[in-house]
Structure formats: structure tokens, C-alpha cells
Amino acid sequence: MDKENRIKVAHRAMLISGIFCGVVALLLILNFWNMKQHEPLESEAIEALVQRLSQEPNNEVLKEEIRSFDLLARKAYFTSKWQIKAGTWLLLIGGIVLAASMKIYTDLRAGIDPPEALTEGLLKARANAQYWLFLSGGLILGLSLVAGVLTNDYLNEYDRMAVSADPAVEQSDVEVIEVFGAEQSSENATPDPESPSEGVSVEEAEKSTEESLVAAAPAPAVATVSSGAFNPNDFKLNHATFRGYMGLGVSYRKNIPVDWNGPSGKNIKWKVAFSKPGYNSPVIWGDKIFISGGDKNGLVVTCYNRNTGQLLWEKEVKDVPGSPAAMPRVTNDTGLAAASLAVDGKGVYAIFANGDIVAFSMEGKQLWGRNLGVPNNHYGHSSSLQVWDNMIVVQYDTNTRGRMLALNVTNGESVWDVQRPVHISWASPALIEVDGKIQIVTSADPYVSGHDLDTGEELWKVEAMMGEVGPSIAFDDGLVFASQEYARTLAIDPKAPESYVWEDDEYMSEVGSPVAYDGLMYMATSFGVVVCYDAKTGEKQWEKEFDNEIWSSPVIADGKLYIVDKEGITHIMKADKSGTVIAEPELGEQGFALPAFADGVVYLRGTKNLYCIGN
Amino acid sequence: MKRRVNMHRKLNMQKRIPGFFILLFVIMVSATTLIQGQQRFPKPEFDSGYVQPDPTSPEPRSVALEYFDVFVLLAALSLASWLAVRKRSRKGLMWLSIFTLIYFGFYRDGCICSVGAIQNVALSIFDPAYTISLAALLFFLLPLIFALFFGRVFCASVCPLGAIQDLLVINPVSIPSWIRKTLGFIPVIYLGLAVLLAATGSDFIICRYDPFVGIFRMDGPFLMIFLGVTFLLLGTFYARPYCRVFCPYGVLLSWMSKFSKYHMSITPSECIKCKLCKDSCPFDAIEVPVDKAYRKPEVARKNLRRFVLYLALIPMLTLLGGWIGSKSHVFLSRMHPDVYLAELMISQPELREDETNLDIQAFLESGDTFEQLVEQAIVIRTKFKKGGLALGAFIGLVLGITLMNQVVFRRREDYEPHKANCFSCGRCMDFCPVDRGT
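Line by line, the protein sequences give chains A and B.
Per this note's numbering, residue 12 is the first one in the first sequence, and the count goes up by one each step.
Per this note's numbering, residue 68 is the first one in the second sequence, and the count goes up by one each step.
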């Protein structure tokens with residue numbers, strides 16, 4: 012082999028071994044990074060299962076599942092170790108070949124160049140250097156710019172959520188009547204040094220406000236909601252609370268449309284842009300439809316004529332005793348107005364992330380308001396209100412403590428206020444009827460529990476939940492259904508809560524609540540799977556996967572299942588064992604809220620507009 | 068006769084290749100074992116209360132001994148200058164580097180160090196509450212002053228980081244000039260980033276990612292040891308990789324050395340253009356003779372056009388770099404622990420309940436409110452906005468000047484050391500067949 016050929020061979024060997032070493036080194040780094048990211052004994056799935064095992068120490072199936080998970084994790088770990096070892100040897104061999112070929116190549120090319128050739132080489136090298144400097148400099152600056160543009164500025168987001176409320180500023184456009192004594196009102200005119208502020212921790216704020224409330228709460232109300240006779244049928248006719256009648260997700264309205272298109276306006280009777288954002292779902296009473304909203308400038312309750320979309324009134328929440336000087340920090344996916352309103356024909360009631368709970372008359376007068384203490388809630392309060400028999404039920408489980416209370420709709424005073432041995436929860440209370448008596452049922456970590464409506468007393472509880480509970484319960488034909496990601500989906504007989512009627516750990520919900528109707532239970536997971544179970548046996552009837560995430564809850568109306576996905580598409584399915592999709596109308600904007608129903612119409616809230624849809 | 072002896076020496080070096088492979092093999096296997104060991108056996112936690120020494124922050128030294136260190140540095144720099152410039156002794160420089168490796172490296176645990184002193188100086192300039200010690204300041208200044216007169220004699224045999232790599236240069240290969248120029252841009256970025264992070268009180272990244280300090284202390288985090296072994300392995304055929312591709316202090320030294328009046332020369336008298344020196348330099352730091360070819364009209368015109376273009380580009384690149392730097396301040400500021408923690412707690416609020424997250428739990432138990440943390444983070448981020456602008460502008464400026472330098476040619480008759488890149492190690496002097504009296 013002549014010298015030229017030897018140079019060629021050495022050059023090729025150098026290139027091939029260099030690329031080989033680079034690839035092996037890259038794989039080793041990726042492998043190492045992967046190992047650092049996924050420690051075998053720190054698997055979330057295993058941790059969740061082990062936690063479950065502590066609750067069910069005799070569950071042999073669970074033990075077997077943990078063992079197989081553990082074995083899998085260990086196998087993956089040792090395979091990865093073997094790959095590192097093999098990779099190191101390959102790198103060593105590649106490195107030796109690379110070094111040898113480089114050496115041979117440079118030695119073969121060595122020689123004394125004439126001065127002319129040296130200069131030519133220098134000119135060529137300089138030209139190459141300019142090209143590569145431009146390229147690498149451009150790449151560095153370009154990547155920095157892209158990274159700079161794409162990086163999410165969490166501090167800025169957080170800063171924008173900070174609101175320095177100035178109680179001295181008059182809001183002349185809001186009709187406010189004095190609801191508490193003159194003494195209190197004058198106190199409220201100046202900032203209360205004891206009220207929670209930005210510099211006070213959430214726990215302290217919650218406690219201090221609650222303490223001040225104890226002294227202030229019994230003050231006589233100047234204006235009150237007229238306390239008329241309670242008629243449960245009115246609640247069945249209207250869509251008075253989150254998830255409708257008793258908060259169970261089943262509507263009794265008829266002729267609900269299945270065909271519309273937001274962007275083209277098809278079957279859109281009206282749409283109005285609301286002034287402030289909020290994830291709460293609309294509620295209806297008579298001809299009025301209500302929503303709430305909140306941003307750094309304030310919190311509002313809004314009322315529209317549900318037939319025409321005309322804005323009847325929008326009132327800002329203000330002069331609430333004990334209300335914090337600054338808004339609490341909440342995450343963007345929860346916001347300040349995530350909890351839905353409740354309405355009973357005499358008043359409309361709203362709760363917000365700062366702990367303010369207020370009542371407005373149907374005509375928009377602020378009747379009373381109180382602050383329950385800024386909730387120590389790292390996402391933001393989202394548990395909606397339930398109203399029944401002149402009482403507003405508030406599930407107020409925070410990081411500080413578990414708490415539930417009932418307020419008198421007429422003046423906001425506590426009818427009862429109980430502490431609960433549960434962790435923070437984002438679920439809403441629902442009502443069920445057992446043996447002719449109404450119970451409140453809540454879901455939180457670790458209990459699904461039933462409470463007496465009149466006293467708040469715990470009637471039964473089942474240890475079944477864990478983690479950050481978001482879904483509320485469903486109820487049908489004597490069974491309560493609950494679900495929570497990493498815990499389970501289960502059915503409970505409130506008359507025999509000692510054991511589960513059935514449970515399933517294949518599908519569990521993270522955000523949306525289950526709904527039960529006519530012997531079937533339906534549930535939507537946040538990753539887009541809708542599943543149907545036999546309510547009595549827990550046998551899976553069907554499952555259907557949709558393209559988009561679902562953060563809303565399935566609801567039943569007119570014998571059909573309505574599920575709004577995150578992209579605003581409503582998946583309308585037959586509420587039966589067939590799993591048939593009837594239609595998938597599009598709203599044209601993202602959807603998080605649940606639909607509200609009235610005869611012949613459905614109301615949908617997007618991220619910007621409220622829609623009335625009817626044929 | 069002497070030339071023959073030198074050639075023979077070179078050939079002997081080539082015959083040592085099997086030895087090199089054996090060394091490579093041993094180090095590779097050791098490194099593998101080290102990696103495996105580090106993963107399998109984490110350090111024990113002692114019940115007796117014994118706290119293991121932190122490899123990145125050693126115990127402070129008494130003031131007298133600090134000044135003794137300065138004296139040793141000054142003496143070593145003076146001796147290195149004499150050996151490189153006057154005595155022209157490669158052997159002397161090598162023995163001196165062995166001494167400094169033992170003293171500043173293994174005995175002084177790699178700290179105090181001129182390379183890391185950049186950060187102390189930067190912090191003392193931007194943070195009035197921080198007072199730099201005189202010893203640290205002198206460690207920063209003395210090598211630069213010597214470089215201004217005698218070239219990079221600090222790199223030759225005083226820096227322990229350079230010394231440990233230099234002793235393992237076994238079979239160096241030459242790499243194309245364009246790769247060297249491109250890689251040479253990395254230390255500039257590293258320098259800028261290190262100054263920014265030190266000035267904002269975020270981190271001393273030069274110390275944190277010092278690849279050899281773990282070896283000097285025979286202990287250290289996995290990443291530190293891994294980097295050290297990798298650099299040493301790489302250095303067997305790509306000589307002094309850390310010095311050439313990463314060392315931020317080397318940037319400052321090269322700027323100073325460019326103006327050095329008494330820089331060492333390759334030949335003691337007249338160059339015979341034998342090229343032996345070029346082959347002997349493991350750092351590609353010897354400039355070849357340049358004849359009049361670059362003065363050909365078409366070449367000269369092209370170079371002039373480029374020169375004017377790059378000259379005009381310098382302010383534009385500086386402004387563009389500054390703008391991009393200020394845009395990058397959000398992700399750069401995450402290197403500060405307070406900003407990182409605040410953003411973590413905002414973006415993943417559920418972690419506050421995670422008892423295994425030590426950073427968050429430590430903060431929650433500190434008694435500070437989250438609002439205070441966020442306010443502090445916002446102040447730091449504002450500093451990063453200014454700092455990012457300065458860093459970007461600096462990078463843009465250096466890029467522009469480097470590009471401009473590529474079209475500037477100076478006529479050269481002999482093989483000469485590249486003053487900015489030459490480490491003054493003396494290998495070329497050793498290989499030069501020309502006698503002093505020739």
C-alpha cells in the first residue's frame with residue numbers, strides 16, 4: 012500500500028472511530044442521565060402502591076403487583092448498569108483506535124512544507140475559521156434567544172397575581188348596602204392591621220382571620236335574604252349549583268341540543284364576552300344565568316338574561332369583613348374564581364380563592380359577605396358551594412385543616428362549623444338522599460364521608476382516597492361513587508360503609524367527577540378516556556379514548572352524556588351500554604366548565620365567552 | 068550531532084506508544100471502577116457527628132500561611148520566567164511544574180487558585196458586602212502581571228491544573244486550525260458566565276466544575292471525579308484540554324501575553340526552518356512563516372473587504388449579543404438557588420407538601436415567608452437582566468474581534484510561538500537543533 016492509500020485508510024479509521032466514540036459517549040451520558048432521573052426505589056407508582064398497601068395490608072394482589080413493579084425497576088436498573096459497563100469498554104476500544112489512527116495519520120502527513128504552501132494553508136485555515144466562528148457564534152446566540160423566548164417566567168406570572176387591594180378606593184359603580192353594624196363598617200373603611208397581607212404566611216392568615224371572625228360574626232345584618240319556603244322541586248327545575256340538582260351531574264331538562272358550531276355561529280342563540288376570567292360553571296335560576304370571575308383588579312359576580320344574553324348586572328365583591336388586603340397566590344390553572352356559584356331564587360352565593368363568601372340578591376345587591384380565612388391552598392380554592400333548605404354548604408379542606416360548614420343563606424352566619432380529620436381537597440360537596448334524609452357527601456384524603464345536613468355530624472366514612480383529591484362524588488340508586496388518581500375508583504353503600512361494593516384501579520379520575528345514571532357510572536380521565544361501569548358490579552361496559560385532555564366532568568341531560576374537553580369539543584354520547592358517540596360539536600375556544608341546562612338549551616362557558624346554544 | 072540526538076529523542080517518544088496504551092487502559096478501567104463504586108456505595112452518614120470535609124469548600128487557612136502561599140506563587144512565577152526566558156530549560160520547567168502540582172495541587176488541595184480567584188474579584192466588585200482577601204487578589208493579579216512581561220509562564224509550570232495535564236501529554240496530535248479557533252471561543256463564554264454568576268452571588272462555577280480538585284483532594288462528588296478522569300484521558304492525545312477549551316483565566320492570560328515584551332523564543336539565534344519545533348509543540352501554538360503570498364492583490368483586496376465588514380460588524384454583534392443576553396436573563400437567573408427555589412415552588416406548589424424535598428423543607432423551616440423569597444428572587448433576576456446584557460455584549464464583541472483577527476496577517480520569516488496561545492512549556496526550545504552560539 013502506498014503512502015496516499017495509507018493516509019486515506021488512517022483518515023477513514025479516524026473518522027469512523029471518532030463518530031463511534033461520539034455516539035457511544037452520547038449514549039453513555041443519556042443512560043447516566045436517565046439513571047439519575049429514575050432512581051429504581053423512588054418510583055412514584057411503587058410509592059403509591061406501597062402507600063395503598065399500608066391501608067390494605069392483606070391485599071395479596073397488591074403485594075404481587077408491587078413485587079412485579081419492583082422487579083421490573085431493578086431489572087431496568089441493572090440493565091442500565093450493564094449498558095454503562097459495556098459502553099465504557101466500547102469507548103475504550105474506540106478511543107484506542109481513534110488515538111492510533113490519528114497518530115498514524117498525522118505522522119504520515121508530516122513533512123516540511125515549502126513556505127508558499129504554508130501561507131496557502133494558513134489562508135485556507137483562516138477562511139475555514141471564519142466560517143465556523145460565524146456558524147458557532149450564530150448558533151450560540153440563536154439558541155440563547157430561543158431559550159430566552161421559550162422560558163416561562165414564573166416569577167413574573169406570580170408577580171402579576173399579586174393584588175394590592177386598597178380598601179380606601181371607592182367603587183362607585185357597585186351598589187353596596189351595609190350588611191353589618193355601623194361599627195364594623197367604619198372599621199372596614201381603613202385597612203385592618205390584623206388582616207392578612209402579603210407578608211403574612213397563609214397559615215397565619217387563615218388562623219388570624221378565622222379568629223377575628225369569631226368575634227365579628229354574630230353582628231346583626233342590616234339586609235338579609237328573604238327566607239321563603241323551601242321547595243326541592245325548584246332545584247330540580249333549575250340548574251342551581253355546580254353539577255346541577257344536588258350536585259350530582261344529572262339534569263332533568265329536555266330537548267337539549269346536540270348540534271352547534273361556535274366559530275360559524277350555528278345554533279348559537281347568543282354569546283357574550285365576560286369581563287373577568289374564571290373556571291366556574293354557570294348556574295341558572297328562572298330567566299337568569301350567573302357566573303363569577305376574578306383577576307388582579309377584583310372579584311365579580313355577573314348575571315345575564317338567559318334568553319337574550321343581556322347583561323342584567325355585574326357587581327364587584329367588596330367590603331367583606333376580614334377580607335385580606337392582597338389576593339392569595341393561585342396557579343393559573345385554578346385562578347381566583349374556580350368555585351361555581353349557588354343560587355336558590357332568593358339570592359346568589361359566591362366563594363372565591365381569598366376566602367370571601369358573599370350573597371347577592373337576584374337583583375344584584377350585595378346582601379352580606381364574610382371571609383372564611385384565606386385558604387392555605389397551593390393551587391387555589393375550587394370547591395363549589397351547595398345550597399339546600401336555606402343553608403349554604405361549604406367544603407373548606409385546606410393544608411391547615413379539614414373543615415366543613417353550613418351558613419344561613421339569610422345572613423351568612425354559621426349554622427354549624429365542623430373540623431374534619433382530612434387533608435386538603437378540591438372536590439365539591441354533593442347531596443344524597445338516604446332513607447328520606449338528606450346527607451352531604453364529600454371526598455377528601457383519606458375519607459369519603461357522609462354528614463348530617465342539619466348538624467354537619469359525620470354519619471359514615473370510608474377510608475379510600477389519597478393524594479390531592481379533585482373529583483366530587485356521584486350517586487345513583489343507593490350507591491355513592493368516588494374516584495381519585497393513584498387511589499381507586501369505587502362504589503360505596505352509605506348504609507354499609509364497612510366495605511367497598513366494588514373498586515377498580517384501571518381507570519381513575521384526576522380532575523373530573525364521575526356521574527351515575529340509570530344503572531351505569533361514567534367517568535372521564537384527564538388524559539381523555541371516558542369509561543362506563545355497571546354501577547352495581549363495577550364491570551366495565553365500554554371505554555372510549557378521545558384526542559384531547561378532559562378537565563371538565565361528564566354530565567347527563569336528556570338521556571345523553573355531555574363531556575366538554577379541554578379544546579372546547581363537547582362529546583355527546585348515548586347514556587347507555589353502547590358507548591355510541593352522537594355528536595362532537597365544537598365551541599371554538601377552550602372549555603373547562605361544565606354545561607348548564609334548561610329546556611331546549613345548553614349553556615357553555617369558554618375561556619372568553621358564555622354561549623347559549625339552542626336549535 | 069545535537070540535531071540527531073533530538074530526532075532520536077522524538078523517535079523514542081513514538082516508541083513509547085505501547086506504554087501509553089497501557090496507561091490509557093489502566094486509567095479507563097480505574098475510571099470505570101470509580102464510576103461503578105460511586106453509584107453503588109453512597110457516602111456513609113456518621114452517627115458520631117463526624118462531618119465529612121466538603122471537597123468544594125475547604126477549611127480557611129491562617130493569614131500567615133496565606134501570605135506564604137503568595138510568596139511561593141511569586142517565587143514560582145519568577146523562577147518559571149527565568150527558566151523559560153533566560154535559562155531556556157524545559158527540564159527545569161517540568162520539575163517546577165511537578166513541585167507546584169504537589170504544593171498548590173495536592174498539598175494545598177487546589178485552593179487557593181488563580182483560576183478561581185476570578186470569581187472572588189468579580190464578587191468583590193459587584194457586592195460591596197464582600198471583601199476579597201489580599202492573598203486572593205494577588206493570586207489573581209500576579210500571573211497576569213507576569214504574563215504581561217514574560218508570557219504565560221504561569222501556565223508553563225505554576226498552575227497545578229495545567230501541570231497535572233502537562234505531565235500526561237503522551238501522544239499529542241495536531242488538530243485543524245478552524246477547530247482550535249472555534250473551540251477557543253468556549254473559554255470566553257465560560258469566563259463571562261463565571262463572572263456573571265459570581266457577581267450575582269449565584270455560584271462559583273469555576274470551583275464547582277473544577278475537574279481536577281477532586282483528584283487533588285482524593286475525594287469529591289462523582290461529577291467532579293468523572294470530569295477529572297475524562298480530561299486526563301483526553302489530554303493524553305489532545306494536550307491540556309481544560310487549558311485550551313475551558314480555562315477562563317487562560318483568556319485573560321492570553322490577552323496579557325499578546326503584549327509580552329520578553330516572551331520566550333524558540334530558537335536562541337537564527338531559525339533554520341527545520342519545522343522540528345512545530346512538530347514538538349503539543350498545543351499547536353507555533354506560528355508558521357508567512358511569505359508574501361498574502362499580499363497578492365486579489366488576496367489583499369479580499370482581506371481588506373472582510374476587515375472593513377468585520378469592523379462594521381463589531382458594534383452590531385455587540386448590540387445584538389447584549390439584546391439576546393438580556394432576553395436570556397430568565398433562564399440564566401435560575402442558576403441562583405433562590406430564584407430556582409422560588410420558581411420551583413410557584414410552578415409546582417404541591418412540592419411544599421413533599422417532605423422528601425429537602426430544599427423546600429429547609430426553606431419552610433427557615434421562618435422566612437414565601438413572599439420574601441419571591442421578592443428576593445425578583446431582585447436577583449433584575450441583576451441578571453443587566454448582567455445578561457453585559458455577558459451577551461461581551462460575547463458579541465469578542466466574536467467580532469476574533470473574526471476580524473482572521474483577516475489580519477503579519478509577515479513572519481521564522482517559526483515563532485503564538486504569544487496568546489503559547490504556554491511557554493519549553494518543548495520547542497528543547498527540540499530546536501540550533502545552538503545558542505550558532
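For every residue, glycine included, the Cβ atom is placed at its ideal position computed from N, Cα and C.
Under 9 Å from the C-beta of residue i: neighbouring residues of chain B
i      : result
D164/A : V397, E410, R448
E479/A : E417, E420
Closer than 8 Å at the beta carbon, the chain B residues around residue i
i      : result
V160/A : K394
A121/A : D346
Contact set between residue i and chain A, taken where Cβ atoms lie within less than 9 Å
i      : result
L470/B : A140, Q141, L144, F145, G148
K248/B : A136, R137, N139, A140, Q141, W143, L144
I413/B : Y165, L166, E168, Y169, R340, T342
I165/B : Those do not exist, as I165/B stays about 25 Å from chain A at its closest Cβ, beyond 9 Å.
Nonlocal neighbours in the same chain, by C-beta distance under 6 Å from residue i, ignoring five residues either side
i      : result
V262/B : A189
V312/A : S303, K326, A361, F371
I391/B : G459
I272/B : A261, L264
Host beta strand (DSSP E) of residue i (start-end)
i      : result
Y116/A : Counting along the chain, Y116/A falls outside any beta strand (DSSP E), though it belongs to the alpha helix (DSSP H) covering 71-120.
S494/A : 490-495
C499/B : Looking at the DSSP string, C499/B is not in any beta strand (DSSP E), and its letter there is neither H nor E.
C623/A : 620-625
Y511/A : 511-515
V566/A : 566-568
D487/A : 485-487
T581/A : 581-585
Y573/A : 571-575
K280/A : 279-284
Simplified DSSP assignment, three categories, for residue i
i      : result
G29/A  : helix
Y197/B : coil
N419/A : strand
D428/A : strand
D306/A : strand
E354/B : strand
S491/B : coil
G523/A : coil
S223/A : At S223/A, the pLDDT of 40 sits below 50, so the modelled position is not reliable and the matter cannot be decided from this model.
One or two residues paired with residue i in a DSSP bridge
i      : result
F371/A : V359/A, Q377/A
V541/A : A535/A, K555/A
D529/A : Its beta-bridge partners do not exist; DSSP assigns none.
G413/A : R431/A
N499/A : The amino acid occupying residue 499/A in the given sequence is Arg; Asn does not appear at that position. Note: R499/A sits in a beta bridge opposite Q495/A.
M402/A : W399/A, N419/A
G461/A : V452/A, W471/A
W324/A : C314/A
P162/B : Pro is not the amino acid found at residue 162/B; the sequence shown has Trp there. W162/B is not bridged to any residue.
Chain-ordered neighbours of residue i on chain A, where CB pairs are closer than 7 Å
i      : result
N238/B : A110, K114
W245/B : A136, N139, A140, W143
Residues of its chain near residue i, where Cβ-Cβ distance is below 7 Å and the 5 sequence neighbours each way are ignored
i      : result
D426/B : L408
A21/A  : S112, I115, Y116, L119
Start and end residues, alpha helix (DSSP H) containing residue i
i      : result
M338/A : Per DSSP, M338/A belongs to no alpha helix (DSSP H) and is neither H nor E.
Q9/A   : With chain A represented from 12 up to 626, any question about residue 9/A goes unanswered, as that position is not in the structure.
Y134/B : 130-148
V255/B : 253-266
Spatial neighbours of residue i in its chain, beta-carbon cut-off 8 Å, leaving aside the 5 residues before and after
i      : result
V441/B : A409, I413
E480/B : C338, P356
S244/B : D351
Distance cut-off 6 Å: residue i Cβ against heavy atoms of the ligand GDP
i      : result
V612/A : The model depicted lacks the ligand GDP and carries no ligand whatsoever.
Contact set between residue i and chain A, taken where Cβ atoms lie within less than 8 Å
i      : result
G302/B : Per Cβ cutoff of 8 Å: no residues; G302/B is ~12 Å from chain A at best.
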